[in-house]
Structure formats: structure tokens, C-alpha cells
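Please read the structure below before turning to the comments.
2 protein chains.
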Amino acid sequence: MPDTRVLFFDVFGTLLDWRGSLLDEAADVGSRMGVSADWAAVVDDWRRAYQPALDTVRGGPTWLDLDAVQRDTLAQVLHHHRVALPAEGRETLVRAWRRLRPWPDTRTGLDRLRARFRTATLSNGHIALLVDLFRFADLRVDAVLSAQLAGSYKPEPRVYLRCAELLECDPREAAMVAAHGDDLVAAARVGLRPIFVRRPEEWGPGGGGDPPTGLPGLVVADGLEKLADRLCD
Amino acid sequence: MPDTRVLFFDVFGTLLDWRGSLLDEAADVGSRMGVSADWAAVVDDWRRAYQPALDTVRGGPTWLDLDAVQRDTLAQVLHHHRVALPAEGRETLVRAWRRLRPWPDTRTGLDRLRARFRTATLSNGHIALLVDLFRFADLRVDAVLSAQLAGSYKPEPRVYLRCAELLECDPREAAMVAAHGDDLVAAARVGLRPIFVRRPEEWGPGGGGDPPTGLPGLVVADGLEKLADRLCD
Chain A
4 MPDTRVLFFD VFGTLLDWRG SLLDEAADVG SRMGVSADWA AVVDDWRRAY
54 QPALDTVRGG PTWLDLDAVQ RDTLAQVLHH HRVALPAEGR ETLVRAWRRL
104 RPWPDTRTGL DRLRARFRTA TLSNGHIALL VDLFRFADLR VDAVLSAQLA
154 GSYKPEPRVY LRCAELLECD PREAAMVAAH GDDLVAAARV GLRPIFVRRP
204 EEWGPGGGGD PPTGLPGLVV ADGLEKLADR LCD
Chain H
4 MPDTRVLFFD VFGTLLDWRG SLLDEAADVG SRMGVSADWA AVVDDWRRAY
54 QPALDTVRGG PTWLDLDAVQ RDTLAQVLHH HRVALPAEGR ETLVRAWRRL
104 RPWPDTRTGL DRLRARFRTA TLSNGHIALL VDLFRFADLR VDAVLSAQLA
154 GSYKPEPRVY LRCAELLECD PREAAMVAAH GDDLVAAARV GLRPIFVRRP
204 EEWGPGGGGD PPTGLPGLVV ADGLEKLADR LCD
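Going line by line, the protein sequences match chains A and H.
Residues in the first sequence are numbered from 4 upward in steps of one, following our numbering.
Residues in the second sequence are numbered from 4 upward in steps of one, following our numbering.
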């Protein structure tokens, strides 16, 4: 087996606390616009609508970026919850995906891992969104890569293969780092090494995903600093 | 006119001293392999062969990355100069494009400009090469973008337009920063603001290009620190 040269990082949930950040933004927008709602339920349903909506884009004739997808799903979720948030407020929440806070160990962990490996995002967020997000969170990788560059979305195999190709990297020389089993299963299927990072607060206290089962060579780490302890020292 | 939000940077010559770096590498390879040559003539001819070779790729059916292009042109130039450098030495020189030194003001200038603008490369180098180069030179931009993402080479218009699109940027909200007039003329033709950075040593002492004439709104700066003085304060 070749050595690992490249680490690809999932972004939402793995590097950034989308839920805590969006809850703050939603509470703020609601209070500013005089709209009350169970924002936690709205935000969680919005996030649950994400993957099915991307499946639709993947199967459809026209690629849409994440802003367009999330604008649609947010309108549906708000309608379902009977929350009449004006368009300006909805747009604030769509743009809030560019103002997500990193987990406490993300910046230092990424920097330590970057000293040893080439690092890149491999996210369903499009490049412009990721650029804004990484500026906001002051995070650094060697390359901001996105499913956009394959004109598709994870977990489609060619998304992982396109990003590996752009870094001149045999898939077996790369690892996928994510807090989500489905991402790792798909990455491993095309040859990337799976690294599961536990994010026990992703869906609120105690609401983190579990590592996938039956993945050969799976590495499991409690955050990026722990991963750096393991891979860099 | 909209405000400038994004700065795109040419890389070879504008941010990095390709000539000085390659001369050192060539002298080193030559001495190690016992091959003597007028390395300055070889390196300069190699660089002169660059744009015509890219023109051929642009007009051809298959896109080739810069390593492939430079491997061919180097073999031709060495043959022309009757220099028998073994394949291993030629490959060292092709890879030397990933070990170019930045100009003294590049790192600090880029950092100051990044504090005020979104920054990205817009280079004919492919992404994997640029990632290696920016790691080597310890340079930071928000996004490493390349003509590769348009499947073409500068100065083709769609290269500039594709990079602007990836940053969700109207071309009139972006500026192209380069030490080469032809790059700026092409960028300005599709709406980007032209910024000429003088690099008087690019082709050796006194061997820098002149700003293009007749470009409306052209900004001329003596390096990136001076440009930051002008745009950031």
C-alpha cells in the first residue's frame, strides 16, 4: 500500500459546527423580524432535507450549487413548520452557511496536519462558499476543492476521483476525513483511506454519528488534534 | 463600476522568480551529472518556448498539463543547444517549477492584500503544481485556481471567466495582477481590471517587461507591497 500523501476533509459537521452556528443565526433573524419558531426543529429538518435534495440534483439534468439547493429546501421546511419568514430572512440563513464556527480543535488540528500532508477540502459546498467560510473561520488548507469541480455531489464516486486527480494523487495515496459514515464508505469504495472523526455535538449534545462498520483500515479519532497526534508524531 | 472584491494573481514571474530559481537548479543538476551548458541560454529559451507550446495545446484536441508541455519543450531546447542531459536530470528540471522562490515582497504583500480582498491564483500551472509551489514558498491565497479548471490556457477568455464564475464574481468585480502585458490585455478584454506589477529582474537584471499601453484604468505598481500600500490603506 502506498503512503498517504493527501488528506481530504469533509467540511460541514467535520470541521464546522453548522447546527450551533445556524441556531444562533436563526434566533437572531427571528427576533429581528419578529418571527417565532422552534428554530432547532427548523434547522435540523433543513439539514435532513440536504442529502435527498442533492440526490435529486445528482440525478437531474442541471447542476445547482448549494445556495440554490438550500434556498429551496429552507422554503419547504419553513412552509412545513408554518413559519412565515420573509425572503430577506431566508436569504440571511442561506448565507449563514458561510459563517459557520469551527470546532475548537479544527484550526490547530488542520495546521498540524498540513505540516505533514497536502490538505484539501472535499465538500459539497461550492468553491465560492468554501472560500467565504474559510476566510470567516480563518482556516487554511492547501486547496479548496469541491464536488462542484466534478459537476456533481458526494457520495458520487467521480467526485472523489476528480479531486484526487486534481492533486495528481492515486486514490490509495489519499485519505478522506469525515464525521459521517456514508461519506467514508463512498470514499473507501474508490480507494481512499477512511478516517472517521467523532463530532459528538454535531446534532446537539450527544447527537454525533457513529463510525461505519465493516470498513477495512478504518481509523477513528476523537477530533483533529487527536488525529494529528496519531498521524504526525 | 462595482468595487473590486477579488484579486487574481498570475504566478510565474509575478509572484515567483522562475529564472533565478531554475538557473540554480540547472547548475546543480549539470554539476551533479557532469553536463556543462550555457544554462542561462537554456533556461531563457525554455521559457520562450512556453507560450507557443501552450498555443498548440489550446488549439489541439487534448489538454496537457504544464509538466507534459515543459517536458517536451525542455527536450527540444536541450537538443537545440546540443546538451545531452539524461532523462533523470530533465525530470528534475521539470519538477523544479514546483520549487521556485518568491520575490522578496510576495509573501507579505499577498498576506496584506488577502486581508482586504478575496485572493486566488489564475495561473497556467495546474492545481497539483500550484499546491506544491505554494507549500514550498509558504504562500497563501484563498483559492488555488488554474487554467486547468477551464481545460485551456491563458490568454483564452474562458479561462478568466471560469475562474471569476467559480468565485461568484462578476468579472468587473475582479482584478488581474500580472507582470505581463498580454495577460492583462486578455483579462481586461473580458472585464477584469488590469494591475501591472513591475518585476524588473524577471529575465535577469534589467530584464523586466513594460506595462501594456492603451489599457483604460491600468494600475501600475512596483511590487506587491507597493500595491498593498495603494489598495489597502
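Using N, Cα and C, we set each Cβ at its ideal position, and we do this for glycine too.
These numbers come from a predicted model, not from an experiment.
Beta carbon of residue i nearer than 8 Å to that of residue j
i              : j              : result
residue 1(A)   : residue 12(A)  : Chain A is shown only over 4 to 236; residue 1(A) falls outside these bounds and no answer can be derived.
residue 209(H) : residue 203(H) : yes
residue 227(H) : residue 113(H) : yes
residue 236(A) : residue 201(A) : no
residue 139(A) : residue 147(A) : no
residue 132(H) : residue 101(H) : yes
residue 142(H) : residue 109(H) : yes
residue 116(H) : residue 10(H)  : yes
residue 158(H) : residue 186(H) : yes
residue 1(H)   : residue 211(H) : Residue 1(H) lies beyond the residue range present for chain H, which begins at 4 and ends at 236; the question has no answer from this structure.
residue 123(H) : residue 160(H) : no
residue 45(H)  : residue 30(H)  : no
Cα-Cα separation, residue i to residue j
i              : j              : result
residue 87(A)  : residue 53(A)  : 21 Å
residue 193(H) : residue 76(A)  : 35 Å
residue 79(H)  : residue 145(A) : 33 Å
residue 156(A) : residue 15(A)  : 14 Å
residue 96(A)  : residue 47(A)  : 13 Å
residue 167(H) : residue 119(A) : 31 Å
residue 179(H) : residue 223(H) : 12 Å
residue 70(H)  : residue 162(H) : 19 Å
residue 50(H)  : residue 24(H)  : 13 Å
residue 205(H) : residue 104(H) : 12 Å
residue 65(H)  : residue 165(A) : 17 Å
residue 8(A)   : residue 72(H)  : 25 Å
residue 199(A) : residue 217(A) : 13 Å
residue 237(A) : residue 74(A)  : Nothing can be reported for residue 237(A): it is not among the residues displayed for chain A, which extend from 4 to 236.
Buried or exposed by the 16-neighbour rule on C-beta atoms within 10 Å, applied to residue i
i              : result
residue 83(A)  : exposed
residue 182(H) : buried
residue 111(H) : exposed
residue 126(H) : buried
residue 197(H) : buried
residue 91(H)  : exposed
residue 1(H)   : In this structure chain H extends from 4 to 236, so residue 1(H) is not present and cannot be described.
residue 128(A) : buried
residue 35(H)  : exposed
residue 121(H) : buried
residue 107(A) : exposed
residue 135(H) : buried
residue 68(A)  : buried
CB contact below 8 Å: residue i versus chain D
i              : result
residue 153(H) : Going by chain labels, chain D is absent from the structure shown, which instead holds the protein chains A and H.
Quiz item: Listed in chain order, which residues of the stretch 133 to 145 of chain H have Cβ atoms closer than 9 Å to some Cβ of chain A?
Solution: 133, 134, 135, 137, 138, 143 and 145
Quiz item: Using a Cβ cut-off of 7 Å, which residues of the stretch 96 to 128 of chain H contact any Cβ in chain A, in chain order?
Solution: 121
Quiz item: Should the stretch 175 to 185 of chain A be regarded as contacting the stretch 167 to 180 of chain H, the criterion being three or more beta carbon pairs within less than 8 Å?
Solution: no
Quiz item: Looking at chain H, which residues of the stretch 33 to 66 of chain A have a Cβ within less than 7 Å of any of its Cβ atoms?
Solution: none
Exercise. Residues of the stretch 161 to 172 of chain A with a CB closer than 8 Å to any CB of chain H: list them in chain order, please.
Key: 169, 170, 171 and 172
Quiz prompt | Three CB pairs or more closer than 8 Å across the stretch 146 to 166 of chain A and the stretch 36 to 53 of chain A | solution = no
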